[in-house]
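What follows is a single structure, written as structure tokens, with notes after it.
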Amino acid sequence: MTNKDSKISKSRFPFYLSGLLFVGIVASYFIFNDVRLFFDNSWDVLTSNDEAQIKHWIDGFGWLGPIILVLAMIIQMFLLIVPTILLMVVSILAYGPYWGSLIIILSVYAASTVGYFIGRTFGQSLVLKLLGQKAETKIESFIKDYGFWAVIITRLNPFLSNDAISFVGGILKMTYWKFIGATIIGILPLTIFIAIVGKNTESLKTGMLYGSLFCIVVFFIYLYWDKRRK
4 MTNKDSKISK SRFPFYLSGL LFVGIVASYF IFNDVRLFFD NSWDVLTSND
54 EAQIKHWIDG FGWLGPIILV LAMIIQMFLL IVPTILLMVV SILAYGPYWG
104 SLIIILSVYA ASTVGYFIGR TFGQSLVLKL LGQKAETKIE SFIKDYGFWA
154 VIITRLNPFL SNDAISFVGG ILKMTYWKFI GATIIGILPL TIFIAIVGKN
204 TESLKTGMLY GSLFCIVVFF IYLYWDKRRK
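Going by my numbering, the first residue of the sequence shown is number 4, and it counts up by one from there.
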């Protein structure tokens with residue numbers, strides 16, 4: 004096998020692994036009654052808008068709860084089943100503003116690190132399978148134009164592709180500590196914001212809407228200013 008073939012084979016491994024995991028979860032749902040009950044109950048809880056019920060559900064995992072949230076943040080990069088913002092909200096509702104915020108930062112740090120090194124190690128072929136040519140090209144151009152600030156801006160807005168920028172940051176071989184520093188700087192305001200407005204789901208919905216709109220406005224103001232400066 005040539006080096007090129009070996010590289011391609013390696014690049015497809017995480018893609019096949021995530022697909023196998025997804026098929027395994029779906030198969031388990033239909034084959035095993037306990038698994039089906041667990042996922043049905045989890046879905047009911049997470050969509051209940053009842054913060055007390057969500058907290059009770061997470062508490063049921065005991066000391067494994069924070070570890071499950073960190074692993075879920077990493078896995079969702081590949082399967083795209085649960086949005087990042089939902090896991091962040093669950094952390095705050097379940098563990099409160101202080102411990103919940105710490106879990107969010109650790110989860111984002113872990114997921115961003117994994118995504119970065121996947122992009123850096125396996126290269127563009129894998130990321131194209133995960134994101135598609137159009138999305139990958141746009142994000143790559145965005146990072147090339149704005150670098151450090153591109154990562155911060157993306158992390159600030161919960162509805163922009165956080166996972167994608169980790170992959171592409173690795174592909175472009177952005178300095179790891181520069182990338183992870185921008186990630187932490189960008190995620191801190193969002194984490195603090197969720198911790199403040201996350202006391203109940205209604206205030207959280209309203210706060211996320213206005214917060215996201217504010218981030219988008221700031222983002223376009225920055226783009227306008229940057230183009231004028233050039």
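C-beta atoms are modelled at their ideal positions from N, C-alpha and C, and glycine is treated no differently.
Distance between beta carbons of residue j and residue i, contact taken as under 8 Å
i, j, result
"V154", "A185", "4 Å"
"G296", "F120", "Limits of the chain in this structure are 4 at one end and 233 at the other, which puts residue 296 out of reach."
"T157", "G118", "About 12 Å; that fails the 8 Å criterion."
"L90", "L72", "6 Å"
"G122", "F64", "Not a contact, Cβ separation roughly 31 Å."
Span of the alpha helix (DSSP H) around residue i
i, result
"L159", "151 to 159"
"G99", "87 to 125"
"W180", "179 to 200"
Rounded straight-line distance, which links the Cα of residue j to that of residue i
i, j, result
"A97", "F217", "27 Å"
"L67", "I61", "9 Å"
"I183", "A167", "14 Å"
"H59", "I28", "24 Å"
"T124", "L175", "11 Å"
"D47", "Y179", "39 Å"
"I95", "I199", "9 Å"
"F33", "I57", "25 Å"
"W152", "R39", "43 Å"
"L191", "I107", "9 Å"
"F42", "I197", "25 Å"
"V93", "T116", "21 Å"
"L23", "M80", "15 Å"
"I187", "G103", "15 Å"
"N44", "F35", "14 Å"
"S31", "P69", "24 Å"
"D37", "V26", "17 Å"
"L159", "A55", "27 Å"
"K10", "M177", "Because the pLDDT of K10 is 45, which lies under 50, any placement of that residue in the model is unreliable, and the number read from its coordinates should be weighed accordingly. Roughly 21 Å separates the two Cα atoms."
"I88", "K230", "30 Å"
"K181", "I195", "22 Å"
"G150", "W228", "16 Å"
Open item on the list: Does the structure place the segment 110 to 117 close enough to the segment 66 to 83 that three or more beta carbon pairs sit under 8 Å?
Closed with: Contact between the segment 66 to 83 and the segment 110 to 117 is established, with three or more Cβ pairs separated by less than 8 Å.
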